[in-house]
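Chemist:
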Amino acid sequence: MASPVADSYSVASGEKIHAGRSVGASDLLDTIEALAENKWLKLNTNTFQSVWPANDLRAPFGGGKGSPDTIIEAWSSFGWDSNNHRLILWGGGHANSAGNEVYIFDATTGLWSLAFHASDVVSTNDGYHAPVCGGFRAPISSHTYDGQLYLPVSDRFLTNLGAAHSEGGMAVLYDESLDSLRNAGCYTLNLSQAGLGYVGGGTGDNVHDGAYSATDLTGANAWTLRDWHNTTQADVFASSSSLNIVSAYREENGKDVVYFTKHGSRGLYRLVISDADDYTTDVITKVGRYWNGSGGDGAGAIDSGRSIFLFTEYNSRTTFPFIMWDLKTAGTDNNDQHIDAADIGGSGKADFMANSDLGDFGMDFSPALDCFVLWSTGGDLYKLIPPEGDPTPTTGWLIEKITTTGDRPMTRAELVTDGSEDKGVMGKWKYATDLNCFIGLQQRYDGNVWLYKPENWTRPRI
């Protein structure tokens, strides 16, 4: 079960909490408060493209330089920093980009910025690719699916990686001195030195090309490799690959807890992080097993009140569009359960099932609405309402389409016409607890950040 909600406090706009913590998002919250419900609001005032690094500092790719637009375009996700009201973007991966630079979108200023520069990339004798540090100081660029989150207790961004550049397999570490490879775990990122012009790894890890051929950028050493495969923790999920990751977060007993499932065995795992900088204290347990069948890309979310983990099913979406694990019965024999299309009702079901983007939806849970909210692209929003009962039944779920008015994100057809189609929403849709709204990301060049204000909105307690 979810841990009790910690004491929180609210203050008037622009004032400070007694301990000195600034509200920070007061102007943005004022803007949201004035916005009508069921409306979209585009937050960015500059473009993602405007903050890309100089070409000489971009990682080599395919005999040239990769374009950062693929970080949004290709099977990607972001983390929403609810402590600082910002979006954290990292990715690329496989046949799209070798760049492992980091970007930030600040919702309070409306501006994109470059947080850290990319590492150079080397080829191994086995034909693999790795950052010049071998992956020990920064991760290899990867498709991230729905595998990236923010850890508010630790104040860290977390990536579970995904399909790695350039092989498309599990991310690996390369020890050049031993000419050997082994699997990587995940990485957390400290953003305290973001925006200072540093490379995310160590000093001199940056690309040396053109105007920067003799320049060693200062290293932020911002990444922490959580090197599980160097510990007994690897035994917990040794049979599972790290591709097509679906993940969700909740705080439990004052600690950051991440639930994740992967393509392949599709078991459900629980990661407890006790120390932001010491991965040896991480505890990973298997809390659900692959049983009824599932696979492919998707998006996941946790309903803490009902204590269920839900994810969208890609491969069998017209038969059973959702898979559920009951976290109240967590364990190695805790079976996944289908939520079959035939057992779902609601006025929005027909529209939802007919949506051509069904397999690429993003999904997150709103405690305020007490339901899951799904976004495909454009104005296509749906509420997925769980039934009552303990345990939560697989029947009696309802889908309602949400009608929005006014400005909206681009539809899939409009993105194609615009030349900026992506590979699906997946992890580019998050519920922002600090705003009591949802945040979506699209358009790989402009990096348009859209806020959706739901019905019955109340000002969040900061």
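Numbering (the numbering used here), first residue to last: 598 to 1059. Even for Gly, the Cβ is constructed at its ideal location relative to N, Cα and C. Since the structure is predicted, the reported quantities are computational estimates derived from the model, not experimental observations.
List the residues that DSSP assigns as beta-bridge partners of Pro657.
Modeler: In DSSP, Pro657 forms a bridge with Lys662.
Chemist: On a Cα-Cα basis, can you pick out the residue from Ile936, Lys925, Ser904 that is closest to Tyr911?
Modeler: The candidate whose alpha carbon is nearest that of Tyr911 is Ile936.
Chemist: For the candidate residues Gly986, Val719, Asp954, whose alpha-carbon lies nearest to that of Glu1018?
Modeler: Here the closest residue by C-alpha is Asp954.
Chemist: Just to confirm my understanding: we take Arg823, look at its own chain, exclude 5 residues before and 5 after, and list those with CB closer than 7 angstroms. What are they?
Modeler: For Arg823, where only same-chain residues beyond five positions count, the Cβ hits under 7 angstroms are Gly782, Cys783, Tyr784, Thr785, Tyr876, Asp879.
Chemist: On a CA-only basis, which of Pro983, His682, Glu848, Leu746 is nearest Trp709? Give me that one, please.
Modeler: If we check each option's Cα against that of Trp709, His682 comes out closest.
Chemist: Go ahead and pull the three-state DSSP assignment for Glu997.
Modeler: In the structure shown, Glu997 sits in a strand (DSSP, three-state: E or B).
Chemist: Determine, for Glu1011, whether the minimum Cβ-Cβ distance to residues of chain B falls below 8 angstroms.
Modeler: Structure shown: chain B not included; a single protein chain is present.
Chemist: Please return the same chain residues whose Cβ sits closer than 7 angstroms to the Cβ of Ser679, not counting the five positions on each side in sequence.
Modeler: Answer for Ser679: Tyr747, Pro749, Ala1029, Thr1030, Asp1031, listed in chain order.
Chemist: Per the DSSP calculation, Gln745 is bridged to which residue(s)?
Modeler: Per DSSP, Thr756.
Chemist: Assuming Asn780 and His714 are in contact, meaning their beta carbons sit under 8 angstroms apart, how far apart are those beta carbons, in whole angstroms?
Modeler: Asn780 to His714, Cβ: 26 angstroms. No contact.
Chemist: Report the rounded CA-to-CA distance for Val1046 versus Asn643, giving the unit in angstroms.
Modeler: Going from the Cα of Val1046 to the Cα of Asn643 covers about 10 angstroms.
Chemist: What does the alpha-carbon distance come out to for the pair Cys1148 and Thr1055?
Modeler: This structure does not reach residue 1148, given that the chain is present from 598 up to 1059, and the question cannot be answered.
Chemist: Smallest Cα separation from Asp872: which of Ile842, Phe857, Thr821?
Modeler: For Asp872, the nearest C-alpha among the options comes from Thr821.
Chemist: Check whether the Cβ atoms of Leu978 and Gly943 sit closer than 8 angstroms, and answer yes or no.
Modeler: Their beta carbons are not under 8 angstroms apart, which means Leu978 does not touch Gly943 by this criterion.
Chemist: Take Leu868 and list the residues in its own chain whose beta-carbon comes closer than 6 angstroms to its own, dropping the five residues that flank it on each side.
Modeler: Same-chain partners within the cutoff: Val855, Ile881.
Chemist: Tell me, which residues are paired with Glu849 by DSSP?
Modeler: Beta-bridge pairing links Glu849 to Lys852.
Chemist: Residues in the same chain with beta-carbon distance under 7 angstroms from Phe917, minus the five sequence neighbours each way, listed in chain order, please.
Modeler: Correct list, in chain order: Glu910, His935, Ile936, Asp937, Ala938.
Chemist: Apart from the five residues on each side of it in sequence, which residues of its chain come closer than 6 angstroms, Cβ to Cβ, to Gly993?
Modeler: Pro984, listed in sequence order.
Chemist: Among the candidates Trp888, Leu924, Arg886, Gly885, whose CA atom is the shortest distance from the CA of Asp900?
Modeler: It is Leu924.
Chemist: Between Tyr866, Asp853, Lys1025, which has its C-alpha nearest Lys883's C-alpha?
Modeler: Cα-wise, what sits closest to Lys883 is Tyr866.
Chemist: Let's see if you can read the secondary structure: which residues bound the alpha helix (DSSP H) around Leu625?
Modeler: Looking at the DSSP string, the run of the alpha helix (DSSP H) that includes Leu625 is 623 to 631.
Chemist: Using CA atoms only, rank isn't needed, just tell me which of Lys1025, Glu1011, Val1013, Lys998 is closest to Glu1052.
Modeler: Taking only the C-alpha atoms, the option nearest Glu1052 is Lys998.
Chemist: Cys1034 and Ile629 look like a contact to me (Cβ under 8 angstroms); what is the Cβ gap, rounded to whole Å?
Modeler: With 8 angstroms as the limit, Cys1034 and Ile629 qualify as a contact, their Cβ atoms being about 6 angstroms apart.
Chemist: On the three-state DSSP scale, how would you describe Lys946?
Modeler: In this structure, Lys946 counts as helix in the three-state DSSP scheme.
Chemist: What would DSSP say about Val620, mapped onto helix, strand or coil?
Modeler: Confidence is the limiting factor: at Val620 the pLDDT is only 44, short of 50, which leaves the residue's position unreliable, though a coordinate-based value still follows. If DSSP states are grouped into helix, strand and coil, Val620 belongs with coil.
Chemist: In the DSSP assignment, find the beta strand (DSSP E) that holds Val880 and state where it starts and stops.
Modeler: Looking at the DSSP string, the run of the beta strand (DSSP E) that includes Val880 is 880 to 885.
Chemist: Take Ala835 and list the residues in its own chain whose beta-carbon comes closer than 7 angstroms to its own, dropping the five residues that flank it on each side.
Modeler: Confidence at Ala835 is low in this model, with a pLDDT of 48, below 50, so its placement is unreliable and no value can be given for it.
Chemist: Quick one: is Val843 buried, meaning 16 or more other Cβ sit within 10 Å of its Cβ, or exposed?
Modeler: It counts as buried.
Chemist: Going residue by residue through the stretch 964 to 1029, where are the continuous alpha helix (DSSP H) segments of at least 4 residues, counting only ones entirely within it?
Modeler: Those alpha helix (DSSP H) runs which fall completely within the stretch 964 to 1029 and span 4+ residues are 1009 to 1015.
Chemist: Count the other CB atoms, across all protein chains shown, that sit within 10 Å of the CB of Thr858; report buried if there are 16 or more and exposed otherwise.
Modeler: By the 10 Å Cβ count, Thr858 comes out buried.
Chemist: Confirm, please, whether the CB-CB distance from Ala656 to Gly696 is below 8 angstroms.
Modeler: A contact, by the Cβ cut-off of 8 angstroms.
Chemist: Assuming Leu788 contacts Phe754 under a Cβ cut-off of 8 angstroms, what Cβ separation, rounded to an integer in Å, is found between them?
Modeler: That pair is a contact at about 7 angstroms.
Chemist: If contacts are defined as beta-carbon pairs under 8 angstroms, then Phe958 and Val1022 qualify, I think. What distance do you get, rounded to the angstrom?
Modeler: With 8 angstroms as the limit, Phe958 and Val1022 qualify as a contact, their Cβ atoms being about 6 angstroms apart.
Chemist: In whole angstroms, give me the CA-to-CA distance for Gln1039 and Glu849.
Modeler: Those two C-alpha atoms are separated by around 32 angstroms.
Chemist: Given a cut-off of 8 angstroms, decide if Ala704 and Ser739 are closer than it, judged by their beta-carbon atoms.
Modeler: No. Outside cutoff.
Chemist: With DSSP collapsed to three states, give me the class of Leu924.
Modeler: Leu924: helix per DSSP, three-state reduction.
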